[in-house]
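> Numbering (numbering that gives the first Met the number 0), first residue to last: 0 to 145.
All C-beta atoms, glycine included, are put in the ideal place defined by N, C-alpha and C.
Just so you know, these numbers come straight off a predicted model, no measurement behind them.
Could you have a look at this structure, given as structure tokens, before my questions?
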Amino acid sequence: MHRNAQTLHPVARITYFLANLQPESLEQLGEHYSERVQFDDPINEGHGLDDLRVIFEDLFKQLKNISLDITDSRGDEQAAFLKWVMRYRFRGKARELPGVSYFTFNKEGKVTSQRDYWDAAEGVYAEIPGIGLTLRGIRKMVQVRP
């Protein structure tokens, strides 16, 4: 952990941790997340630090060269939002996935819940053979044309 991270505001702490997240930093999850953390995103749901570790480990197995560019943050000692763009390689291609995360914190400044919002159709389902083409067709059919 950064030597001054313990004294940072909870929003600054989680921002710093996630912006620098690498497989080896997963050992530090307990410094930033409570033992009973609740995690949800469009694909995964986890209850507790062990589940969160498994979710993050799988992310690093599935995707390569992951980086998280945090473009905005808002919050206080109780809750925060981070706006981000995740950059990664999947099946040899560079990808970008924008999203937003909502966090709640306990009195120690650790994350008690994290809810990630991102487009699963763009970020996951479009990569499944056949489904991507179908999704693009549906999007084209329902798109508003001013």
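1) In the DSSP output, which residue or residues are listed as bridge partners for residue 101?
2) With the cut-off set at 8 Å, would you say residue 174 and residue 121 are in Cβ contact?
3) Please work out which residues of its chain come closer than 8 Å, Cβ to Cβ, to residue 70, disregarding the five sequence neighbours upstream and downstream, and give them in chain order.
4) So the candidates are 88, 39, 32 and 72; which of them puts its Cα closest to the Cα of residue 59?
5) If you draw a straight line from the alpha carbon of residue 140 to that of residue 28, how long is it in whole angstroms?
6) Going by C-alpha distance, which of 54, 19, 22 and 135 is nearest residue 39?
7) Using the beta-carbon count (16 or more within 10 Å), is residue 92 buried or exposed?
8) Mind checking whether residue 109 and residue 8 have CB atoms under 8 Å apart?
9) Between which two residues does the beta strand (DSSP E) carrying residue 29 extend?
10) Given this structure, state the Cα-to-Cα distance separating residue 145 from residue 137, to the nearest angstrom.
Judging by the given coordinates:
1) Sequence index remark: in the sequence shown, residue 101 carries index 102 (1-based). Note: residue 101 sits in a beta bridge opposite 80 and 114.
2) There is no way to answer for residue 174, as the model of the chain reaches only from 0 to 145.
3) Position 71 of the sequence shown holds residue 70. 82, 83 and 84.
4) As a working mapping, residue 59 is identified with position 60 in the sequence shown. The residue with the shortest Cα to Cα distance from residue 59 is 88.
5) Translated into positions along the sequence shown, residue 140 becomes position 141. Translated into positions along the sequence shown, residue 28 becomes position 29. Their backbone Cα atoms lie some 43 Å apart in a straight line.
6) The residue labelled residue 39 in the question sits at position 40 within the sequence shown. Closest option to residue 39, Cα to Cα, is 54.
7) Counting from 1 along the sequence shown, the entry for residue 92 is found at position 93. With fewer than 16 Cβ atoms within 10 Å of its Cβ, residue 92 is classed as exposed.
8) Counting from 1 along the sequence shown, the entry for residue 109 is found at position 110. Counting from 1 along the sequence shown, the entry for residue 8 is found at position 9. Their beta carbons are not under 8 Å apart, which means residue 109 does not touch residue 8 by this criterion.
9) Counted from its first residue, the sequence shown places residue 29 at position 30. Run containing residue 29: none in the beta strand (DSSP E); it sits in the alpha helix (DSSP H), 28–31.
10) As a working mapping, residue 145 is identified with position 146 in the sequence shown. As a working mapping, residue 137 is identified with position 138 in the sequence shown. Taking the straight line joining both Cα atoms gives about 18 Å.
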